[in-house]
Amino acid sequence: MKYRILLALACVCAIVTTGVTLPAQALEPIRYTLRFPAPHTHYVDVEAAIPSGGRPQVEVYMATWTPGSYLIREYERHVEAVSANAAGRALTVEKSTKNRWRIATGGAPSVTLRYKVYSREMTVRNNWVEAGFAMINGAPTFLTLVERAARPHEVRLELPAAWKKVETALEPVSGSANTYRAPDFDTIVDSPIIIGNPVTRDFTVDGKRHVVVFEGDHAMIDADKVAADVQKIVNAGKGVMGSLPYPHYHFMTMVTESSGALEHKNSYLGMTNRFATRTQAAYLQFLSTLAHEYFHAWNVKRLRPIALGPFDYENENYVKDLWVAEGFTDYYATVLLRRAGILTGDEFTNGISNQIEQVQTIPGRLVTPVNMASFDTWIKQYRPDENTANMSVNYYPKGAVIGFLLDAKIRKATSGARSLDTGMQWAMQRYSGDKGYTTEQFYTVMSEAAGDDLKSWFAKAAESTDELDYTEALEYYGLRFRPVDMKTAAPYIGGGTRNDAGRLIVTSVRRGTPGIDAGLNVDDEILAIDDVRVRADGLTARLAQYRPGDKISMLVARRDRLTKIDVTLGADPGRPWRLEAAPNATDEQKARLNLLMVGK
Ligand SMILES: [Zn+2]
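This is the structure we're talking about:
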């Protein structure tokens with residue numbers, strides 16, 4: 001996921017549903033038909049032919065979350081009008097939990113289940129149906145049998161007359177129009193479907209079809225430019241990992257003035273705005289997200305922590321390694337864009353600097369180890385609040401920085417013979433697919449790539465709140481952090497504010513700042529400094545009238561009670577974590593940095 005964004009792990013086990021163990025291929029599929037009789041009302045009508053296996057009762061459920069986006073989402077709240085029949089006879093359907101329904105089959109070998117799903121959430125996890133198109137995701141759409149089985153799931157789409165095309169990474173069923181088959185529930189959950197009139201571009205790498213898809217308001221999107229650059233990113237990904245791990249791949253983007261993206265095994269689904277390809281800054285942001293999701297085709301969709309499979313779609317799946325799954329993917333997004341020739345060298349070091357800055361300016365890095373930030377993703381990462389920065393660290397940038405440091409460490413230890421690319425390739429060879437890796441195994445394979453025992457280094461970087469040590473990596477590449485001149489530092493209070501209809505409201509107060517020491521609170525309304533009113537857009541200009549060390553008196557309204565707070569202004573270091581070439585960098589050091597950028 002990117003801000004973002006897993007994992008179809010086909011369960012190949014045999015199953016027990018009727019007292020008889022059946023090989024997976026013997027299971028009859030669930031066959032869904034999706035209809036859009038009134039798409040402008042944002043509903044998809046679902047009909048599902050569900051084999052009962054002769055049981056008097058079957059139970060179906062809806063997933064409560066989507067792999068890659070670790071929060072219980074309760075998709076079942078959008079399901080209505082659930083009914084069932086067999087051979088024209090109505091069956092009793094009873095809700096058994098928040099997301100499960102029991103159907104009395106009356107002994108029928110197959111039951112027809114019908115329901116409607118309200119589809120109007122423009123996120124990459126959920127559904128959106130409107131007059132012009134539909135975006136369908138598996139988790140919030142397909143009620144499936146409660147069973148641990150690799151049962152095929154087939155879906156047929158009945159398109160409104162104005163919709164001409166379906167785009168999905170699902171395999172089409174030959175001879176049946178707009179019909180697709182997944183070998184198991186994981187795959188149908190992992191394969192978003194776009195229906196409407198998308199613009200598409202195709203290219204082939206290694207004989208594998210890649211499709212770039214835009215649906216929504218795509219008139220201003222330069223699809224040709226995107227396709228050309230995506231092909232370079234694909235080649236860069238192949239360069240890192242050695243080969244392309246999928247049979248085909250869909251890069252799918254909804255141009256819907258929204259954001260976010262989610263990885264899948266053979267596709268990714270993202271959202272952007274209509275101007276995404278118009279300016280260089282917006283375009284790099286778009287491609288950075290794309291490269292991140294694309295690298296997930298290896299890292300997490302195939303090479304994944306053992307804790308992430310098989311999925312329990314109804315409960316939290318606890319995992320400590322998202323700093324690898326998401327963080328290393330973030331690192332490689334930057335690497336891929338550079339090796340694809342899309343980022344300049346300066347843009348590359350700027351990207352790494354951004355990741356370092358995000359880690360080093362968050363007080364919570366000294367409170368929560370990154371592996372525990374991963375473990376607690378279910379209650380924190382997707383539920384940030386005003387105190388999040390004080391108590392937790394984001395595993396995206398911290399994992400990315402650990403990846404950057406580890407890459408340098410392996411290169412240095414092997415005199416440039418191996419790199420993090422080697423470690424990722426070896427990990428892929430050993431643990432991809434259904435195996436998964438334990439944290440210990442991941443440490444081991446990286447230690448082997450380095451030819452050195454890195455376990456204590458990993459324990460410090462990923463399992464403790466110790467500060468990361470940049471010395472070795474910076475020395476190896478001939479880089480340094482740009483010196484900060486505190487003599488010219490601006491005064492600051494610390495924390496964040498927002499302009500709430502003309503009121504200046506405090507939104508966060510960070511640890512280690514003058515604001516928190518003085519007793520400034522979240523939701524305080526700042527009214528005046530030294531008895532002169534501060535307008536909602538005037539705080540920065542007002543603080544510029546002072547120097548670090550000055551004492552000011554702030555008048556705030558706290559739940560409408562006026563209160564004065566004395567603050568001693570601090571010194572804002574600006575952006576202190578910016579990498580630049582060390583003035584005395586040798587040609588050898590510069591050559592090492594170049595090797596990282598070109599791919600060796
Ligand atoms: Zn991701």
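Read left to right, the sequence shown gives residues 1 to 600 (my numbering). We put the beta carbon where it would ideally sit given N, CA and C, even for glycine.
Original post:
Using the beta-carbon count (16 or more within 10 Å), is Q545 buried or exposed?
Top reply: Numbered from 1 along the sequence shown, position 545 holds the residue referred to as residue 545. When all chains shown are included, Q545 counts as exposed.
Subject >> Cβ-based neighbour list, V44, same chain, cut-off 8 Å, excluding 5 preceding and 5 following >> reply: Translated into positions along the sequence shown, residue 44 becomes position 44. Correct list, in chain order: L34, R35, F36, K116, V117, S119, N127, V129, A134, I136, T141.
**OP:** With DSSP collapsed to three states, give me the class of A490.
**Re:** Counting from 1 along the sequence shown, the entry for residue 490 is found at position 490. DSSP places A490 in strand when its eight states are reduced to three.
**OP:** Kindly examine ligand 1 and report whether one of its heavy atoms sits closer than 7 Å to the Cβ of H264.
**Re:** As a working mapping, residue 264 is identified with position 264 in the sequence shown. Outside the cutoff, so no.
Original post:
Going straight from the alpha carbon of T112 to that of A48, what length do you get?
Top reply: Position 112 of the sequence shown, counted from the first residue, corresponds to residue 112. Position 48 of the sequence shown, counted from the first residue, corresponds to residue 48. Those two C-alpha atoms are separated by around 6 Å.
**OP:** For N85, write down the residues that DSSP places opposite it in a beta bridge.
**Re:** For the purposes of this step, residue 85 is taken as the residue at position 85 of the sequence shown. A90, T112, per the DSSP bridge assignment.
Original post:
Would you say the beta carbon of H42 comes nearer than 7 Å to a heavy atom of ligand 1?
Top reply: Start at 1 with the first residue of the sequence shown, and residue 42 comes out as number 42. No; taking the cut-off as 7 Å, the Cβ of H42 has no heavy atom of ligand 1 nearer than that.
**OP:** Go ahead and pull the three-state DSSP assignment for T21.
**Re:** Position 21 of the sequence shown holds residue 21. Low confidence applies here, because T21 scores a pLDDT of 42, under 50, leaving its location unreliable; read the following figure in that light. If DSSP states are grouped into helix, strand and coil, T21 belongs with the strands.
Original post:
Cβ of E326 versus every heavy atom of ligand 1: is any distance shorter than 7 Å?
Top reply: Taking the sequence shown and counting its residues from 1, the one referred to as residue 326 is at position 326. Yes, Cβ of E326 sits closer than 7 Å to a heavy atom of ligand 1.
Original post:
Which same chain residues, not among the five before or five after K590, have their C-beta less than 7 Å away from its C-beta?
Top reply: The count along the sequence shown starts at 1 and reaches residue 590 at position 590. Cβ neighbours of K590 beyond the five flanking positions: G478.
Subject >> Distance CB(A169)-CB(H248) smaller than 8 Å >> reply: Reading the sequence shown from its first residue, position 169 is the one you call residue 169. Reading the sequence shown from its first residue, position 248 is the one you call residue 248. Cβ atoms of A169 and H248: closer than 8 Å.
Original post:
Between H218 and the rest of its own chain, which residues show a CB-CB distance below 6 Å, the 5 nearest in sequence each way excluded?
Top reply: Mapped onto the sequence shown, residue 218 falls at position 218. These residues qualify, in order along the chain: V199, V255.
**OP:** Please list, in chain order, all residues of the same chain as P192 whose beta carbon is under 6 Å from its beta carbon, the five residues on each side excluded.
**Re:** Residue numbering aside, residue 192 sits at position 192 when the sequence shown is read from its first letter. Correct list, in chain order: N137, L269.
**OP:** Excluding the 5 residues preceding and the 5 following W426 in the sequence, name in chain order all residues of the same chain whose CB lies nearer than 8 Å to its CB.
**Re:** The residue given as residue 426 occupies position 426 in the sequence shown. Cβ within range, chain order: V445, E448, A449.
Original post:
How close, in whole Å, do the beta carbons of L468 and Y395 come, if the pair is a contact with beta carbons under 8 Å?
Top reply: Counted from its first residue, the sequence shown places residue 468 at position 468. Counted from its first residue, the sequence shown places residue 395 at position 395. Going by Cβ atoms, the distance from L468 to Y395 rounds to 13 Å, so no, they are not a contact pair.
Original post:
Going by the beta-carbon positions, is the gap between T253 and H292 smaller than 8 Å?
Top reply: Reading the sequence shown from its first residue, position 253 is the one you call residue 253. Reading the sequence shown from its first residue, position 292 is the one you call residue 292. Going by C-beta atoms, T253 is not nearer than 8 Å to H292.
Original post:
Looking at C-alpha atoms only, which residue of F481, L343, I342 is the closest neighbour of W577?
Top reply: By 1-based counting over the sequence shown, the position of residue 577 is 577. The residue with the shortest Cα to Cα distance from W577 is F481.
**OP:** With T179 as the anchor, note down where its beta strand (DSSP E) starts and where it stops.
**Re:** Residue 179 sits at position 179 when you count from the first residue of the sequence shown. Residues 179 to 182.
Original post:
Buried or exposed: which applies to H40, given that a residue is buried once 16 or more other Cβ atoms fall within 10 Å of its Cβ?
Top reply: For the purposes of this step, residue 40 is taken as the residue at position 40 of the sequence shown. Exposed, by the Cβ-count rule.
Original post:
Among all the DSSP beta bridges, which residues are the ones paired with V300?
Top reply: By 1-based counting over the sequence shown, the position of residue 300 is 300. In the DSSP output, where bridge partners are listed per residue, V300 has none listed.
Subject >> Closest Cα partner of G237 within the set V173, F214, V335, R55 >> reply: The sequence position of residue 237 within the sequence shown is 237, counting from 1. When each option's Cα is compared against that of G237, the closest is V335.
**OP:** Note down the Cα distance separating I379 from N317, rounded to an integer number of angstroms.
**Re:** Translated into positions along the sequence shown, residue 379 becomes position 379. Translated into positions along the sequence shown, residue 317 becomes position 317. So the alpha carbons of these two residues sit roughly 12 Å apart.
Original post:
So does T601 have its beta carbon nearer than 7 Å to some heavy atom of ligand 1?
Top reply: What the structure shows of the chain is the stretch from 1 to 600, and residue 601 is not part of that stretch, so it cannot be assessed.
**OP:** Drop a sphere of 10 angstroms on the beta-carbon of L562, count the other beta-carbons inside from all chains shown, and report buried for 16 or more, exposed for fewer.
**Re:** As a first step, residue 562 must be located in the sequence shown, where it is residue number 562. Classification for L562: exposed.
Original post:
If you draw a straight line from the alpha carbon of P305 to that of Y437, how long is it in whole angstroms?
Top reply: Looking up residue 305 in the sequence shown gives position 305. Looking up residue 437 in the sequence shown gives position 437. Cα to Cα, the separation comes out at about 5 Å.
Original post:
For the alpha helix (DSSP H) that contains M372, what are its first and last residues?
Top reply: Counting from 1 along the sequence shown, the entry for residue 372 is found at position 372. Residues 370 to 375.
Subject >> Own chain residues within Cβ distance below 8 Å of A26, not counting five before or after >> reply: One-based indexing of the sequence shown puts residue 26 at position 26. Cβ neighbours of A26 beyond the five flanking positions: none.
Subject >> Start-end ranges of the alpha helix (DSSP H) lying completely within the region 250 to 302, minimum 4 residues >> reply: 280 to 295
Original post:
Comparing alpha-carbon positions, which option in G88, K95, S415, P397 lies nearest E588?
Top reply: Your numbering for residue 588 matches position 588 in the sequence shown. Ranking the options by Cα distance to E588, first place goes to S415.
Subject >> Coil, strand or helix - L9 by DSSP >> reply: For this step, residue 9 is matched to residue 9 along the sequence shown. For L9, the predicted model reports a pLDDT of 30, less than 50, meaning its position is unreliable; a value from the coordinates is still stated below. L9 falls in the coil class under three-state DSSP.
Original post:
Can you name the start and end residues of the alpha helix (DSSP H) that K460 belongs to?
Top reply: Here residue 460 refers to the residue found at position 460 when the sequence shown is read from its first residue. Where K460 is concerned, the enclosing alpha helix (DSSP H) stretches over 455 to 463.
**OP:** Kindly indicate the opening and closing residues of the beta strand (DSSP E) around Y32.
**Re:** In the sequence shown, counting from the first residue as 1, residue 32 sits at position 32. Its beta strand (DSSP E) spans residues 30 to 35.
Original post:
Are T261 and F295 touching if we call contact CB-CB under 8 Å?
Top reply: Indexing the sequence shown from 1 puts residue 261 at position 261. Indexing the sequence shown from 1 puts residue 295 at position 295. According to the sequence displayed, residue 261 carries Ala and not Thr. In this structure, F295 does not lie closer than 8 Å to A261 by Cβ.
**OP:** Can you tell me the Cβ-Cβ gap for P397 and V359, rounded? I've got them flagged as a contact below 8 Å.
**Re:** Position 397 of the sequence shown, counted from the start, is the residue given in the question as residue 397. Position 359 of the sequence shown, counted from the start, is the residue given in the question as residue 359. At roughly 5 Å, the Cβ-Cβ gap stays under 8 Å, so P397 and V359 are in contact.
Subject >> Boundaries (first-last residue) of the alpha helix (DSSP H) holding S353 >> reply: If you number the sequence shown from 1, residue 353 lands on position 353. Run containing S353: 345 to 360, per the alpha helix (DSSP H) assignment.
Subject >> Beta-carbon proximity of L569 to L539, cut-off 8 Å >> reply: The residue labelled residue 569 in the question sits at position 569 within the sequence shown. The residue labelled residue 539 in the question sits at position 539 within the sequence shown. Contact flag unset, no.
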